[in-house]
Amino acid sequence: MPLYPVYALLFADTGLSTAQIAGLFALWSATGIVLEVPSGVLADMVSRRRMLTVAPLLTGAGFALWTLAPGYPAFALGFVLWGVGGALHSGTLQALVYTELTRVDPSRAGAAPPPGAPAGASGDAPAEPSEWVSTTYARLIGRSRAASAVAILLATALAAPVTALGGYAAAGALSVLAAAACALVGRTFPEHDRPAGSGAGRGSGVRAVLAEVRRAAGAARGVLVEGLGEVGRSAALRRALLLLSVLLAALSLDEFVPLLVRGTGVPTDLVPLYLLPFTAASVAGGWLAGRGGRWTLPVLAATAACQIAGALSGHPAGLLLVAAAFGAAEWAVASAESRLQDGIGDRARATVTSLSGFGGETATVGVFAAYGLGSVWLGAGPLFALAALPYLAVALTLRRRPVGPGR
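If you read the sequence shown in the UniProt record's numbering, its first letter stands for residue 1, the second for the next number, and so on.
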């Protein structure tokens with residue numbers, strides 16, 4: 001999506017202040033906060049593949065608004081649409097991938113679940129994850145993040161000539177087409193043993209509709225209670241949720257990277273090219289996910305050091321250190337997601353996964369608010385340096401009490 005690496009510049013060139021831009025990002029996160037858990041419950045009740053198909057269409061609609069009517073109201077509504085799409089996607093993809101891996105786990109070839117039971121389900125508690133599922137999940141999710149970063153890399157490289165030739169309108173039009181292509185890809189995911197709904201309450205008339213609504217509400221309540229119960233029973237699961245939420249919030253600062261780049265003196269038309277190392281580092285971090293998990297603590301400490309040193313340098317060369325920090329953080333997020341999935345049962349998998357998204361979005365609002373407020377007194381460099389502190393906090397937490405799938 002060529003609009004992705006330059007939309008912060010679009011906002012600034014439309015006349016928005018840094019505080020207003022931060023406010024838009026906060027609105028984006030607030031939308032996710034409101035919808036994150038409900039969308040996770042929905043993903044445990046209906047087709048996850050269908051949700052992955054609808055999500056990018058909403059994001060594309062937001063990009064279309066930005067392109068056709070650039071201005072604060074359109075930017076705000078576009079972020080709401082993007083937030084809804086992100087909520088539908090968050091947790092749903094991870095749950096679908098882990099569930100399907102459990103279904104095809106070669107170590108369980110002779111232990112099929114009871115007829116009609118979801119793959120991997122075994123009552124209220126999740127089956128002990130096999131090493132194959134855990135490792136393969138981390139690698140697949142990491143590589144999907146790497147593939148996403150490659151797409152961003154291509155979009156970033158394309159953004160410079162596209163905006164030079166056709167301006168932000170051309171970048172927006174291509175981004176809408178890319179979102180439509182994502183919806184088509186969502187239709188290709190395999191999916192088995194998803195709830196098809198019961199026949200209760202089906203028929204015509206108001207009573208039938210009300211009965212179906214009551215049935216759906218009861219099912220949603222049951223899924224939510226089961227998901228919250230899993231978290232309440234497992235201290236390890238609560239720690240994994242907290243640490244993943246902090247990492248996701250720290251990574252949310254990538255929305256301000258174009259402003260950091262321009263703040264080092266880089267001309268606006270060259271900013272997309274200076275974003276390429278950030279995307280390349282994210283690709284490397286995602287591709288290496290599932291390897292070297294025991295090095296999480298020192299990697300996070302190095303992540304903080306690189307981001308602080310690079311951001312405070314005030315020189316374009318220092319951006320390479322910041323890019324390395326973002327790549328290491330991507331690796332850490334994929335590893336944390338794998339640990340989280342290992343401790344969740346399938347019936348409420350998307351619900352519990354969405355709790356990490358909820359926590360991440362909640363913390364992200366704080367990050368955006370702090371950045372917007374801090375921009376009144378500080379430049380992008382010092383703000384990025386301060387934003388590296390959560391990595392140190394996570395490293396210290398892991399040093400005291402490592403996170404694992406145990407209960």
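Glycine included, C-beta positions come from ideal geometry on N, C-alpha and C. Just so we're clear, the structure is a prediction, and the values are computed from it rather than from any experiment.
Using three-state DSSP, classify residue i as helix, strand or coil.
| i | result |
| --- | --- |
| His-315 | coil |
| Glu-191 | coil |
| Thr-264 | coil |
| Leu-275 | coil |
| Ala-388 | coil |
| Gly-40 | helix |
| Ala-395 | helix |
| Val-34 | helix |
| Gly-366 | helix |
| Ser-338 | helix |
| Met-1 | coil |
| Leu-288 | coil |
| Ala-200 | Low per-residue confidence applies at Ala-200: pLDDT is 41, beneath 50, and the placement is therefore not dependable, though the value from the model is reported in the following sentence. Looking at Ala-200 - three-state DSSP - the assignment turns out to be coil, as it is neither helix nor strand. |
| Pro-70 | coil |
| Asp-105 | coil |
| Val-376 | coil |
| Ser-17 | coil |
| Met-51 | helix |
| Gly-360 | helix |
| Val-150 | helix |
Since residue i and residue j are thought to touch, with beta carbons under 8 Å apart, how far apart are those beta carbons, to the nearest angstrom?
| i | j | result |
| --- | --- | --- |
| Leu-247 | Val-333 | 5 Å |
| residue 456 | Ser-338 | Summary: the structure shown does not reach residue 456, with the chain confined to residues 1 through 407, and so no result is reported for it. |
| Trp-132 | Phe-79 | At roughly 40 Å, the Cβ-Cβ gap does not stay under 8 Å, so Trp-132 and Phe-79 are not in contact. |
| Phe-358 | Ala-311 | Wrong, their Cβ atoms sit about 28 Å apart, outside the cutoff. |
| Trp-287 | Ala-95 | Not confirmed; about 23 Å, so no contact. |
| Ala-160 | Leu-35 | Not confirmed; about 34 Å, so no contact. |
| Leu-57 | Ala-183 | 5 Å |
| Leu-269 | Ala-380 | Looking at the sequence provided, one finds Asp at residue 269 rather than Leu. Between Ala-380 and Asp-269 the Cβ distance is about 19 Å, and since that is not below 8 Å, they are no contact. |
| Leu-297 | Arg-399 | 6 Å |
| Leu-355 | Val-37 | 6 Å |
| Thr-397 | Ile-33 | About 23 Å separates the two Cβ atoms, so there is no contact after all. |
Roughly how many angstroms separate the alpha carbons of residue i and residue j, rounded to a whole number?
| i | j | result |
| --- | --- | --- |
| Ala-19 | Leu-378 | 12 Å |
| Leu-52 | Gly-186 | 5 Å |
| Trp-331 | Ala-325 | 10 Å |
| Gly-263 | Ala-301 | 26 Å |
| Pro-316 | His-192 | 49 Å |
| Asp-254 | Leu-88 | 21 Å |
| Ala-281 | Ala-155 | 15 Å |
| Tyr-7 | Asp-13 | 10 Å |
| Ile-308 | Ala-369 | 20 Å |
| Ala-240 | Thr-353 | 10 Å |
| Gly-360 | Trp-66 | 26 Å |
| Leu-386 | Ile-21 | 19 Å |
| Ala-284 | Gly-166 | 31 Å |
| Thr-303 | Leu-389 | 10 Å |
| Pro-73 | Pro-5 | 21 Å |
| Gly-60 | Ala-178 | 8 Å |
| Ala-157 | Gly-172 | 15 Å |
| Ala-336 | Ser-134 | 11 Å |
| Gly-374 | Leu-16 | 16 Å |
| Ala-55 | Gly-91 | 12 Å |
| Gly-116 | Val-46 | At Gly-116 the pLDDT is 43, less than 50, meaning the model places this residue with poor confidence; the figure from the coordinates comes in the next sentence. Each residue's alpha carbon lies about 15 Å from the other. |
| Arg-103 | Leu-81 | 33 Å |
| Ser-313 | Pro-267 | 18 Å |
| residue 441 | Val-376 | Outside the shown range of the chain, which is 1 to 407, sits residue 441, and nothing can be said about it. |
| Pro-382 | Leu-3 | 27 Å |
| Ala-43 | Asp-342 | 18 Å |
| Pro-190 | Thr-99 | 11 Å |
| Leu-9 | Leu-319 | 18 Å |
| Thr-321 | Val-299 | Checking the sequence, you will find Leu at residue 321 rather than Thr. If you take the alpha carbons of Leu-321 and Val-299, they lie about 13 Å apart. |
Of all the options the options, which has the alpha carbon lying nearest to the alpha carbon of residue i?
| i | options | result |
| --- | --- | --- |
| Leu-276 | Arg-294, Arg-291 and Val-257 | Val-257 |
| Ala-328 | Thr-353, Leu-355, Trp-295 and Ser-356 | Trp-295 |
| Ser-148 | Met-1, Pro-382 and Thr-353 | Met-1 |
| Gly-71 | Leu-27, Val-41, Val-80 and Phe-11 | Phe-11 |
| Leu-153 | Ala-387, Ala-170, Val-271 and Val-376 | Val-271 |
| residue 411 | Leu-288, Ala-26, Phe-278 and Ser-39 | Residue 411 lies beyond the stretch modelled for the chain, which goes from 1 to 407, so this question has no answer here. |
| Gly-366 | Thr-102, Gly-86, Leu-140 and Ala-250 | Ala-250 |
| Leu-24 | Arg-399, Gly-381 and Thr-364 | Thr-364 |
| Arg-291 | Ala-69, Ile-33 and Thr-136 | Thr-136 |
| Ile-141 | Leu-101, Pro-106, Ala-164 and Leu-373 | Leu-101 |
| Thr-31 | Val-84, Ala-55 and Val-46 | Val-84 |
| Ala-393 | Phe-278, Ser-245 and Ala-181 | Ser-245 |
| Leu-340 | Leu-243, Ala-305 and Ser-375 | Leu-243 |
| Leu-68 | Thr-99, Ser-144 and Ser-175 | Ser-175 |
| Ala-395 | Gly-318, Ala-305, Leu-355 and Leu-319 | Ala-305 |
| Gly-40 | Gly-86, Leu-77 and Arg-399 | Gly-86 |
| Arg-50 | Tyr-98, Leu-9 and Thr-188 | Thr-188 |
| Ala-181 | Pro-190, Ala-170, Ala-169 and Ala-151 | Ala-151 |
| Ala-323 | Asp-342, Thr-279, Thr-362 and Val-299 | Thr-279 |
| Ser-252 | Leu-9, Thr-99, Tyr-391 and Leu-77 | Tyr-391 |
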